[in-house]
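A.B. asks: For any residue, its number in our numbering is found by taking its place in the sequence shown, counting from 1, and adding 35.
Just so it is clear, CB atoms sit at the ideal spot from N, CA and C, and this is done for glycine as well.
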Amino acid sequence: WAAGVRTHGGKPDTRVFKKLCSNFKLEAYLGNQVFVDHLDKVNPVDGAVLVDHDHLKDHKVFVTLTCTICYGCRTWI
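1. Where LYS54 and GLU62 are concerned, what is the direct C-alpha to C-alpha distance, given to the nearest angstrom?
2. Between which two residues does the beta strand (DSSP E) harbouring LEU55 extend?
3. Identify, in the order they occur along the chain, each residue of the same chain with its Cβ nearer than 6 angstroms to the Cβ of LEU65, setting aside the five sequence neighbours on each side.
4. Hey, quick one: how far does the beta strand (DSSP E) through LEU65 stretch, first residue to last?
5. How about VAL96 and VAL80: do their beta carbons lie closer than 8 angstroms?
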């Protein structure tokens, strides 16, 4: 994944987290890498999936997002 939001000269620089399939036919883009569970709600997942049209043909695409849960220490972020 790419780097997150950074500031350059005081202005925020928004980065997009990108994952590319090994055959280059499918790309996933996420606007955030960390999602917080607030117990009553979870931060929304904002992203897009880009599929090579010739590879897709008349098929549907379903996305499964797998998350890792981390409690306590935030040094891994």
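C.D. replies: Let me lay it out:
1. 6 angstroms
2. 52-55
3. PHE52 and GLY82
4. 61-65
5. no
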